[in-house]
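Quick notes on the structure that follows.
Residue numbers (our numbering), protein chains in the order written: chain A, 876 to 1057; chain B, 5 to 657; chain C, 4 to 337.
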């Protein structure tokens, strides 16, 4: 195991960076573990939420941003609802994801592929088109048969043409301006 | 007039950010100031000597000390100038520490501000009039509010010291929380076995008169002479006749009354004696549950009572007690489970509170000391204790530690193993707080000798699954989520101020913090005094604390009262309101606003009505002076002239 | 009842896999006298992928719709979808609490958002604005076979600061609405447990395990159907139920209904009108025994009479409300 040098200059920078991005005060966390205890995803995480919080407090930027946990968090808000220190923990996880996105660190490739497929559909039509997302995801991820077993059943629920809105140019412009800004 | 100014360095507290030499130099130039100097510690003996010598040497008749808050040392310096022959009110303090050096970092600006503070004080001191205290007689009886272990200790110590004690207890029986406990940590002494004899002493002491099932209605007066109106709540039973035989309780058909003594862990009868060792051992009817009182039909207790003591017509009664001092030992409360919805919010019968579990352990409790879970009366084998259930939880407004939970959980876990040898207890904790003598060893014993599993992490959720309660927690040392299938869950619910604490504080004119706990005069040096003369604190009313600390405070408060009563006469503070009868138009607005009822109307010869201040009752708060439309009522030592002179000095600078 | 009007944002899911949610919502609100006006040319709220990528992008995508609603002169936006609701509430809160954020968002938009739109879930509108009494007054049909577990999902009432609706740990709005329709509701401990949300496609194994937990608890509490208010919950529980069974070796066959569908059935709409044929796990058996309220009242009066005579016959015999078999045997004994 590595030795973490707590006297290095980077110790507090990461906590400030996260606070800046989310408005949450990381010093408040006293490591009770409530977020980890309530999180439905702890069993799937590589690090439990409370340890992600600790990484932020101790400046472990690399480790936190390359964790799987930040991608597997579904923003179910259990942690934020029960945190005794009134930290919006889910928002912190979201903030970490935003930073990781900006730095193109995608530890969970399939999730990224799904999000991209979703946003592409959104940009193309203004609304999302479920069939297109699945198709796009299957192609890009290489998991060609994802949910193919649902085929006949799901057909009665799906539309086969996208609902294109008039203002889809308008939506595409939002995404374009955003990309330019970042 | 010859004013001397003494600027204190307070070590580096003031001198660190105020140029004291420049301040002394500048203030020497102020009108009336004939002498100005600075000194390392003005409050020290040589510092005070310097003031005394300067008064003689420079022929000073007024003194200003620029130092800390007057709350800290005003009295010190008043005595100093008095010893040098000046009236003690020819002295003013400029607070250049809390108001200047501690809050600003710019030395230049701070120094300017310090000089202005001194200028204001000089303007006031030259307008100071000599004031003289009068003395009055002390009524050497003491009122103790609350007969828990702290209040009983105070009452017994005062009584042993020869004082007459009036002890008022809200519940039908004395003993407070301690009477409900099974054992005490860390010695596992039986709680009622050590408290019981004290309760008997209280009941039998010829110097103590007890008003049980009574509350404070109104308090008038001042240190040395309080009049206290006590409401004796009606028990609907003539306690003079009741022998405590318990026949009524046996026969009462209402079996689902809320049991206050047992914190509702099992129901009781509408008429009941709270516990076998109760003092006084008298029956009380809970009107809310009584069929006779609510619906007008039943009266079974009245029929079976051999002493004919039941009387549904009895009303609350009032008695007025005259005392010279008051000890407030009104105890604490516990949060309702409703505040913890993630733990079921009280919906699950097998999720109970620590004090309820205490009653299940107790031989005189509803299960006769057998641990049976409330839902199905079976013996639990897997028991989870959740510490900090509401404590240290900002999200519900309780950021503080409840002080005693870590210890009682360890005790309850140990007792659980004694009661049910094949049981397994788990304790979820964030920190183990065991700083008392023998305390840490005790929590170690729970783990090493009794096999209690301590898990470092908070519990996030509790929910039922079949007959089990699933406790979802974390083991932060492992970095894992953990679950326990429990038969019974015990929540160490947060301690709060006692219900009604704020209302009592208003009656007593004492301060309370944002959580409702009473505020002591000084957190280190005056822990049992309040800012109201003659009112003292003991026990958990001041903040959650365990038995030894409560008993210690009980004795300390008693010592304070005995010291106060060692004198026959007390001196009054002359800085009170005075009425200029020529200017008063008799509107009596002042009388209406006075929070102490210290102002009465007076008819002069010739029929003119004026306001009149009762010297001993006036607390010198000054509310009346701001109400008076013609400036006729003035607070001595803080007259309009003085305050305006201070303001002018600041505005004109 | 006061005539009420809302801007109705159905969201993309309700145009696709959750079309029966949309249909049933429109039908029952019409019956309850509430007018829904669809914002012109609304777009996707951005949902999880947008806020995972960036708060600013998420804010702008949601605010485009808020800006449209703002110009409708309808103060309140309502959406049946908790994910859309959360996107709107977060965007609105950030924009109104943080001036700089609002300016940044508006730089991305063609029409600026000023911050004047309140968003409410359609469940909240029905529960709070319309009210239980009005709902109960529309009930014409009883659903005697339903034993419902109300599953609210994770974000309908959480985090409480933002959601400002119902209880974050033990929400009761759906329970009460169903009870007002005479439906039996079970005490369900996993009302707000997460189903796996949007991870159904990229992290199916995770969703199947979480969904399995929820369905197991549904069975444990004695329910025979789940009533939901979220299209994602419905999708994960219904569409993926067969996948759960295959992956976890279970054999669930639990119909997953939208609360609006249950209300619709109680109001007398047919399963076809409500779109129940779109469900994957069939609801047929569950609702077969539904009958009109009058018929039910006649039945219960008869039952009551039988019960009374039985009670007279077996004086002193105690027990819970006896069924027909009990009464028959009781009469025999007598």
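Quick reminder that beta carbons are idealized off the backbone N, C-alpha and C, glycines included. These numbers were taken from a predicted model, which means no experiment stands behind them.
Below-8 angstroms beta-carbon distance, residue i vs any chain B residue
{"i": "residue 816 of chain A", "result": "With chain A represented from 876 up to 1057, any question about residue 816 of chain A goes unanswered, as that position is not in the structure."}
{"i": "residue 918 of chain A", "result": "yes"}
{"i": "residue 877 of chain A", "result": "no"}
{"i": "residue 170 of chain C", "result": "yes"}
{"i": "residue 173 of chain C", "result": "yes"}
{"i": "residue 957 of chain A", "result": "yes"}
Cut-off 8 angstroms between Cβ atoms - residues of its own chain near residue i, not counting five sequence neighbours on either side
{"i": "residue 324 of chain C", "result": "In this prediction, residue 324 of chain C scores a pLDDT of 39, lower than 50, which makes its location untrustworthy; the coordinate-derived value is nonetheless stated afterwards. For residue 324 of chain C, where only same-chain residues beyond five positions count, the Cβ hits under 8 angstroms are 310."}
{"i": "residue 59 of chain C", "result": "104, 107, 108 and 111"}
{"i": "residue 156 of chain C", "result": "85, 195, 197, 198, 231, 232, 233, 235 and 236"}
Min CB distance residue i to chain A below 8 angstroms
{"i": "residue 210 of chain B", "result": "no"}
{"i": "residue 251 of chain C", "result": "no"}
{"i": "residue 398 of chain B", "result": "yes"}
{"i": "residue 191 of chain C", "result": "no"}
{"i": "residue 270 of chain C", "result": "no"}
{"i": "residue 27 of chain B", "result": "no"}
{"i": "residue 19 of chain C", "result": "yes"}
{"i": "residue 22 of chain C", "result": "yes"}
{"i": "residue 372 of chain B", "result": "no"}
Where the alpha helix (DSSP H) containing residue i begins and where it ends
{"i": "residue 523 of chain B", "result": "First-last for residue 523 of chain B: undefined, no H or E at that position."}
{"i": "residue 54 of chain C", "result": "50–56"}
{"i": "residue 1055 of chain A", "result": "1043–1056"}
{"i": "residue 342 of chain B", "result": "From DSSP, residue 342 of chain B is part of no alpha helix (DSSP H); its letter is neither H nor E."}
{"i": "residue 234 of chain C", "result": "234–237"}
{"i": "residue 40 of chain B", "result": "That residue, residue 40 of chain B, is in no alpha helix (DSSP H); its beta strand (DSSP E) goes 37–43."}
Per DSSP, cross-strand counterpart(s) of residue i
{"i": "residue 1011 of chain A", "result": "Bridge partners of residue 1011 of chain A: none, in fact."}
{"i": "residue 430 of chain B", "result": "B:388 and B:457"}
{"i": "residue 485 of chain B", "result": "B:478"}
{"i": "residue 582 of chain B", "result": "B:638"}
{"i": "residue 4 of chain B", "result": "Given that chain B is displayed from residue 5 to residue 657, the structure contains no residue 4 of chain B and the question cannot be resolved."}
{"i": "residue 71 of chain B", "result": "B:99"}
{"i": "residue 324 of chain B", "result": "B:233"}
{"i": "residue 1000 of chain A", "result": "Paired residue(s): none; residue 1000 of chain A is not in a bridge."}
Residue-level contact to chain C via CB, residue i, 8 angstroms cutoff
{"i": "residue 345 of chain B", "result": "yes"}
{"i": "residue 1015 of chain A", "result": "no"}
{"i": "residue 349 of chain B", "result": "yes"}
{"i": "residue 470 of chain B", "result": "yes"}
{"i": "residue 467 of chain B", "result": "yes"}
N-terminal and C-terminal residue of the beta strand (DSSP E) that residue i is part of
{"i": "residue 496 of chain B", "result": "492–497"}
{"i": "residue 79 of chain C", "result": "79–82"}
{"i": "residue 11 of chain C", "result": "7–11"}
{"i": "residue 98 of chain B", "result": "95–99"}
{"i": "residue 261 of chain B", "result": "Run containing residue 261 of chain B: none; DSSP gives neither H nor E here."}
{"i": "residue 168 of chain B", "result": "168–172"}
{"i": "residue 8 of chain B", "result": "7–12"}
{"i": "residue 573 of chain B", "result": "573–575"}
{"i": "residue 215 of chain B", "result": "212–215"}
{"i": "residue 262 of chain C", "result": "Counting along the chain, residue 262 of chain C falls outside any beta strand (DSSP E), though it belongs to the alpha helix (DSSP H) covering 262–269."}
{"i": "residue 141 of chain B", "result": "139–141"}
Cut-off 6 angstroms between Cβ atoms - residues of its own chain near residue i, not counting five sequence neighbours on either side
{"i": "residue 147 of chain B", "result": "170, 232, 327 and 330"}
{"i": "residue 625 of chain B", "result": "none"}
{"i": "residue 447 of chain B", "result": "414, 436 and 438"}
CB-CB length for residue i against residue j, believed under 8 angstroms
{"i": "residue 151 of chain C", "j": "residue 186 of chain C", "result": "6 angstroms"}
{"i": "residue 58 of chain B", "j": "residue 42 of chain B", "result": "Incorrect: roughly 12 angstroms between the Cβ atoms, too far for contact."}
{"i": "residue 248 of chain B", "j": "residue 275 of chain B", "result": "No, residue 248 of chain B and residue 275 of chain B are not in contact; Cβ-Cβ is about 12 angstroms, not under 8 angstroms."}
Close Cβ partners of residue i (< 7 angstroms) along its chain, the five nearest in sequence each way excluded
{"i": "residue 123 of chain C", "result": "79 and 81"}
{"i": "residue 275 of chain C", "result": "none"}
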